[in-house]
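Have a look at the structure below before the remarks.
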Amino acid sequence: MCLNLLFLNKLISQSDEKLFSLALNSGEDTSGARLCYEAGFKSRNSDPDITIELAEEGYHKARKCGNERWMAKHLMLWGLGFYKKGNWKKSIPYYLKAIHLQKQIPDSVGMLYSMINLANALEEGKMLTQADSMYHQALMLSEHLHLYTDRIRILNNLGVLNANRREYATALSLMHQAYKTALQKNNYELLAMTCNNYAGILLLQNRWENSRPWLEDALKYYSITENEFGKTDALVNLLQVSVRENNITEANEISQKIQQVSAWMSVPENRKEFLKWESIRLALSGDTAKAFTELLKHLHISDSLYQENRQTDDSYSTTLHKPNDQYKIANYILTAILLCLALMMIKKMVFKN
Numbered sequence: 279m280c281l282n283l284l285f286l287n288k289l290i291s292q293s294d295e296k297l298f299s300l301a302l303n304s305g306e307d308t309s310g311a312r313l314c315y316e317a318g319f320k321s322r323n324s325d326p327d328i329t330i331e332l333a334e335e336g337y338h339k340a341r342k343c344g345n346e347r348w349m350a351k352h353l354m355l356w357g358l359g360f361y362k363k364g365n366w367k368k369s370i371p372y373y374l375k376a377i378h379l380q381k382q383i384p385d386s387v388g389m390l391y392s393m394i395n396l397a398n399a400l401e402e403g404k405m406l407t408q409a410d411s412m413y414h415q416a417l418m419l420s421e422h423l424h425l426y427t428d429r430i431r432i433l434n435n436l437g438v439l440n441a442n443r444r445e446y447a448t449a450l451s452l453m454h455q456a457y458k459t460a461l462q463k464n465n466y467e468l469l470a471m472t473c474n475n476y477a478g479i480l481l482l483q484n485r486w487e488n489s490r491p492w493l494e495d496a497l498k499y500y501s502i503t504e505n506e507f508g509k510t511d512a513l514v515n516l517l518q519v520s521v522r523e524n525n526i527t528e529a530n531e532i533s534q535k536i537q538q539v540s541a542w543m544s545v546p547e548n549r550k551e552f553l554k555w556e557s558i559r560l561a562l563s564g565d566t567a568k569a570f571t572e573l574l575k576h577l578h579i580s581d582s583l584y585q586e587n588r589q590t591d592d593s594y595s596t597t598l599h600k601p602n603d604q605y606k607i608a609n610y611i612l613t614a615i616l617l618c619l620a621l622m623m624i625k626k627m628v629f630k631n
């Protein structure tokens, strides 16, 4: 089975290389611009540098044949390439140019996706007021175009944004709207995402006892859609609930399931979140030595990610780094909690003996 999978991956990679080569060597016409877009969009997660290269090439092809629609699409793709590379600041001008062109054409659907991408970039840059405004504009446009799937996604984004601003009542209200629409449309993928996000907001409020039913629903819907990444995200949230409830048996089972999804665990951001709750689980289980090892790994990944983001653009203002100081404080608090747990475990062992 492993050999078959390796062979399949090799075929896919060879197919991608042919597609990229075909796109770069295509003619300077609409079909050439389309090929560049398809190949560039396909590579956005695996290799954003290729996405940027193909977006630039596709934009010039579309410009030479005077096709403004494809010019706008490639401007959006260009911005997406930089965003996926971690440079949200550099993506913004491309999104703005795409929106400007899409307004003139007009291309309402294309403009909607450019607006959503722009809002994502603004949120990444902690420009939450501007991101909120852009999401609301995108929300109104999605309603006008009757694009209900996009409306659900935007409501989720708005909900998470408001949760980050600690406006929890607004966040939960938006999530409830998203849930109702997803339920009406019988869209399991979006139901799973919404349930997981709803639970995540409750966890931010320390309402873990209320989050469990939402996580159970999220896992049910993720199983139907066979989305292993989404399912693992929900399992990490459930691990947090189990740890907070001191349900060690369940926490042990969940931990094993999460670690079996190697593709999910290989993403540094995911591994960082898992290690935080895994270290507490181990401390509660009595394995304090391993708990501290996992905590140190968590702190190391956190620091690496911060340094990576900092190097992305040296011109960031100092205000954008303030949340990191709060994050460091949170890590120190977590370390203190683990120390207390370790001392409690030692104390119990001493009294037993």
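For the sequence shown, position 49 matches number 327 in the working numbering, and the numbering has no gaps at all.
Every residue gets a Cβ at the ideal spot worked out from N, C-alpha and C, and that includes glycine.
Quiz item: Tyr426 to Asn435, Cα distance in whole Å?
Solution: When only Cα atoms are considered, Tyr426 and Asn435 end up about 14 Å apart.
Quiz prompt | Where Ile502 falls, given that 16 or more other Cβ within 10 Å makes a residue buried | solution = With fewer than 16 Cβ atoms within 10 Å of its Cβ, Ile502 is classed as exposed.
Practice problem: Under 6 Å Cβ to Cβ from Lys288, same chain only, skipping five residues before and after it: list those, please. | Solution: Since pLDDT at Lys288 reaches only 35, below the 50 mark, its modelled position is unreliable, and the value read off the structure follows with that caveat. A distance below 6 Å between beta-carbons, with the five flanking residues on each side excluded, links Lys288 to no residue of its chain.
Exercise. Kindly give me the distance between the Cβ atoms of Leu396 and Met418, rounded to whole angstroms, as I take these residues to be in contact under 8 Å.
Key: Separation of the CB atoms of Leu396 and Met418 is rounded to 15 Å, and the pair is thereby denied contact status at 8 Å.
Quiz item: Roughly how far, in whole angstroms, is the beta-carbon of Leu493 from the beta-carbon of Ala512, given that I think they are within contact range, below 8 Å?
Solution: With a Cβ gap of about 6 Å, Leu493 and Ala512 count as contacting.
Self-check item: Where Leu271 falls: helix, strand or coil (DSSP)
Solution: Residue 271 lies beyond the residue range present for the chain, which begins at 279 and ends at 631; the question has no answer from this structure.
Practice problem: Excluding the 5 residues preceding and the 5 following Ser420 in the sequence, name in chain order all residues of the same chain whose CB lies nearer than 8 Å to its CB. | Solution: Excluding residues within five positions, the ones whose Cβ falls inside 8 Å are Leu390, Tyr426, Asp428, Arg429 and Ile432.
Self-check item: Buried or exposed (CB count within 10 angstroms, at least 16 for buried), Asp592
Solution: Because Asp592 sits at a pLDDT of 46, beneath the cut-off of 50, its placement in the model cannot be relied upon, and the point is left open.
Quiz prompt | 6 Å CB neighbourhood of Met543 in its chain, flanking five on each side removed | solution = Non-local C-beta neighbours of Met543 in its own chain, meaning closer than 6 Å and more than five positions away in sequence, comprise Arg549, ordered along the chain.
Exercise. For the alpha helix (DSSP H) containing Arg322, list its first residue and its last residue.
Key: Following the DSSP letters along the chain, one finds Arg322 in no alpha helix (DSSP H), marked with neither H nor E.
Quiz item: Whose C-beta lies closer than 6 Å to the C-beta of Tyr605 among residues of the same chain, with five residues either side of it excluded?
Solution: Low confidence applies to Tyr605: its pLDDT is 49, below 50, so where it sits in the model is not reliable, and the reading given next is rough at best. Closer than 6 Å at the Cβ level, and outside the excluded window around Tyr605, lies no residue.
Quiz item: What distance in whole Å lies between the Cβ atoms of Tyr372 and Met354, which are believed to be in contact at a cut-off of 8 Å?
Solution: Right, the Cβ-Cβ distance comes to about 7 Å (below 8 Å), so this counts as a contact.
Practice problem: Drop a sphere of 10 angstroms on the beta-carbon of Lys339, count the other beta-carbons inside from all chains shown, and report buried for 16 or more, exposed for fewer. | Solution: Result: buried.
Quiz prompt | Pick from Phe570, Ser324, Gly508 and Arg559 that is closest to Ser520, judged by C-alpha positions | solution = Ser520 has its Cα closest to that of Arg559, out of Phe570, Ser324, Gly508 and Arg559.
Exercise. On a CA-only basis, which of Glu572, His352, Glu467 and Lys535 is nearest Lys498? Give me that one, please.
Key: The residue with the shortest Cα to Cα distance from Lys498 is Glu467.
Quiz item: Where Cys473 and Glu331 are concerned, what is the direct C-alpha to C-alpha distance, given to the nearest angstrom?
Solution: When the Cα atoms are used, Cys473 and Glu331 turn out to be separated by approximately 37 Å.
Quiz prompt | DSSP three-state assignment for Val438, whether helix, strand or coil | solution = Helix.
Exercise. Would you tell me roughly how many angstroms separate the C-alpha atoms of Leu313 and Gly336, rounded to the nearest one?
Key: Note on geometry: alpha-carbon atoms of Leu313 and Gly336 lie some 8 Å from one another.
Quiz item: Per DSSP, what kind of secondary structure is Leu286 in: helix, strand or coil?
Solution: Low per-residue confidence applies at Leu286: pLDDT is 30, beneath 50, and the placement is therefore not dependable enough to give any value.
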